[in-house]
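Participant: Before I ask anything, here is the structure I am working with.
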Amino acid sequence: MAGTRTTRRMPWIARLAIIALAGTMALLVPPAAPADAAPRVTAEQRISATVSLISVYSPSMHRTIRAHVLHPAGRPSGLPTFYMLPGAGGAEDGISWYNNTPVRRFFADKRTNVVLPIGGRFSMMTDWISDDPILGRNKWQTFVNRELPAAVNRAFRTNGVSALSGVSMSAGPALDLATQAPGKYRAVAAYSGCPGAADPLGTIAATAIVARGGGNVLNMWGPPGGPAWRAHDPVLNAAKLRGTAVYLSAGSGLPGPVDGDPLRTGGGLVGGNIMEAIALRCTTNMADRLSALGIPHTFVHRPDGVHTWGLFYADLRDSWPMIARAIGA
């Protein structure tokens, strides 16, 4: 009949299939970041009068990163901040400054905030060019240089003055982070690591660290020897450290009193001699480059030390006067 329109209903099973498909697609597509996404402290646990555990939202990694913060009792405002990066396990494995050394006691009477991030395992603490199937999304340069300070400065009402250190895996990256943001840090310290990325020893060390975590080093800076590897080599970019107080240290690779009790300081005697010998070679290269450029620095080459927390803590204590002067702590 003219003017009559027939409406066909979709079979109920087809409608259920479409609903199911839409739900599946929703799971596959990651949720968009909120419009007001910004680095910020999303949670804080007061562990003691001088220790807090905070969670910081990272817009670049779309997740929260925890960090211990050591601070004076009463949390006075207007203090500088000392960021201490973790080793290869990112402190996620329970091996860290916080767990293996008396840093809480050491900093209890210091006029500074000390931030100990928990995260970045086997990442070289840098921004990766691609997400990794095993290690996920790594944007640690963005987090350490921009997001974490923004959140900490706001939550702890700091004066914006800061210093940075790295140990073992993060020692070279700490220097790299400082060269990526010249003038951001008043001081930088590298304890028992391998500064350098583009030279053969640095490339091997970085590749071994990433591989140890199951990651693909091509997802970090692309093929070794490429432009990104050179851009993140603190030896090649050492000139950018001019005006920054620099502390470099490494042991000899021979066990000795500085290592302390291996059971207490986290071992290091098995393979630690080789790791520390490599660290000494890399660190010497960095010191030689700074000397060639006429950039003042401190280089401590100990007669003993085999990549233990006893060695790392001794160097932290010895470096602190220089760091404190630089940041006014």
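My numbering puts the first residue of the sequence shown at 1, with every later residue one more than the last. Backbone N, C-alpha and C fix where the C-beta goes; we use that ideal spot for every residue, glycine too.
(1) Considering only the alpha carbon of each residue, which of Y83, G94 and P173 lies closest to Q141?
(2) Applying the criterion that 16 or more other CB atoms from any shown protein chain within 10 Å of the CB defines a buried residue, is Q180 buried or exposed?
(3) Excluding the five sequence neighbours on either side, which residues of its own chain have a C-beta within less than 6 Å of the C-beta of A155, listed in chain order?
(4) Whole angstroms is fine: what's the gap from V306's alpha carbon to A329's?
(5) Going by the CB atoms, is the gap between M125 and M169 shorter than 9 Å?
(6) Quick one: residues in its chain with C-beta nearer than 6 Å to the C-beta of A314, no 5 flanking neighbours on either side, listed in chain order?
(7) Which residue spans inside the region 272 to 304 form an unbroken alpha helix (DSSP H) run of at least 4?
(8) How should I47 be labelled, buried or exposed, when 16 other C-beta atoms within 10 angstroms of its C-beta is the threshold for buried?
(9) In angstroms, rounded to a whole number, what distance separates the CA positions of A239 and V51?
(10) Would you grab the beta carbon distance between Y247 and T298 for me? Rounded to a whole angstrom, and I think it's under 8 Å.
(11) Should the region 67 to 78 be regarded as contacting the region 113 to 132, the criterion being three or more beta carbon pairs within less than 8 Å?
(12) Evaluate contact between the region 278 to 292 and the region 223 to 241, counting only Cβ atoms and requiring at least three cross-stretch pairs below 8 Å.
(13) L290 and A250 look like a contact to me (Cβ under 8 Å); what is the Cβ gap, rounded to whole Å?
(14) Buried or exposed for A73, going by 16 or more other Cβ atoms inside 10 Å?
(15) Using a 10 Å radius around the Cβ and a threshold of 16 neighbouring Cβ atoms, would you call I274 buried or exposed?
(16) Alpha carbon to alpha carbon, how far is Y57 from P303?
(17) Tell me, please, which residues DSSP counts as bridged to G136.
(18) If G78 sits next to R157, beta carbons under 8 Å apart, how far is it from one beta carbon to the other, in whole angstroms?
(19) Taking 9 Å as the threshold (C-beta atoms), are S192 and F106 in contact?
(20) Can you tell me whether S319 is buried or exposed? The criterion is at least 16 other CB atoms within 10 Å of its CB, across all chains shown.
(21) Using DSSP bridges, identify the partner residues of S55.
(22) With a threshold of 7 Å on Cβ separation, who are the neighbours of E92 within its own chain once the five nearest residues in sequence on each side are excluded?
Facilitator: So, from the data block:
(1) Within the sequence shown, the letter at position 141 stands for residue 141. Of Y83, G94 and P173, the residue nearest in Cα terms is P173.
(2) For the purposes of this step, residue 180 is taken as the residue at position 180 of the sequence shown. Result: buried.
(3) If you number the sequence shown from 1, residue 155 lands on position 155. So the qualifying residues of the chain are V41.
(4) Within the sequence shown, numbered from 1, the residue matching residue 306 stands at position 306. Within the sequence shown, numbered from 1, the residue matching residue 329 stands at position 329. Cα-Cα distance, rounded: 30 Å.
(5) The residue labelled residue 169 in the question sits at position 169 within the sequence shown. The residue labelled residue 125 in the question sits at position 125 within the sequence shown. Result yes, Cβ atoms of M169 and M125 sit closer than 9 Å.
(6) Position 314 of the sequence shown holds residue 314. V258, listed in sequence order.
(7) 272 to 293
(8) For the purposes of this step, residue 47 is taken as residue 47 along the sequence shown, with counting starting at 1. It is exposed - the Cβ of I47 has fewer than 16 other Cβ atoms within 10 Å.
(9) In the sequence shown, residue 239 corresponds to position 239, counting from 1. In the sequence shown, residue 51 corresponds to position 51, counting from 1. C-alpha separation (whole angstroms): 36 Å.
(10) Numbered from its first residue, the sequence shown carries residue 247 at position 247. Numbered from its first residue, the sequence shown carries residue 298 at position 298. Sure, about 5 Å apart at Cβ, within 8 Å.
(11) yes
(12) yes
(13) Position 290 of the sequence shown, counted from the start, is the residue given in the question as residue 290. Position 250 of the sequence shown, counted from the start, is the residue given in the question as residue 250. Between A250 and L290 the Cβ distance is about 14 Å, and since that is not below 8 Å, they are no contact.
(14) Residue 73 sits at position 73 when you count from the first residue of the sequence shown. A73 should be labelled exposed.
(15) Residue mapping note: residue 274 aligns to position 274 of the sequence shown, counting from 1. Label assigned to I274: exposed.
(16) One-based indexing of the sequence shown puts residue 57 at position 57. One-based indexing of the sequence shown puts residue 303 at position 303. The alpha-carbon atoms of Y57 and P303 are separated by roughly 42 Å.
(17) On the sequence shown, position 136 is the one that residue 136 refers to. Beta-bridge pairing links G136 to D132.
(18) To locate residue 78, count along the sequence shown from 1; it is residue 78. To locate residue 157, count along the sequence shown from 1; it is residue 157. Their Cβ separation, rounded to whole angstroms, is 7 Å, which keeps G78 and R157 in contact under 8 Å.
(19) What you label residue 106 is simply residue 106 of the sequence shown in a count that begins at 1. What you label residue 192 is simply residue 192 of the sequence shown in a count that begins at 1. No; because the gap between Cβ atoms is not below 9 Å, this pair is not in contact.
(20) By 1-based counting over the sequence shown, the position of residue 319 is 319. Per the 10 Å Cβ criterion, buried.
(21) For the purposes of this step, residue 55 is taken as residue 55 along the sequence shown, with counting starting at 1. According to DSSP, which records beta bridges pairwise, S55 is partnered with A43 and R66.
(22) Position 92 of the sequence shown, counting from 1, holds the residue named residue 92. If we look at E92 and ignore the five residues flanking it on each side, its Cβ neighbours are I118, G119 and R121.
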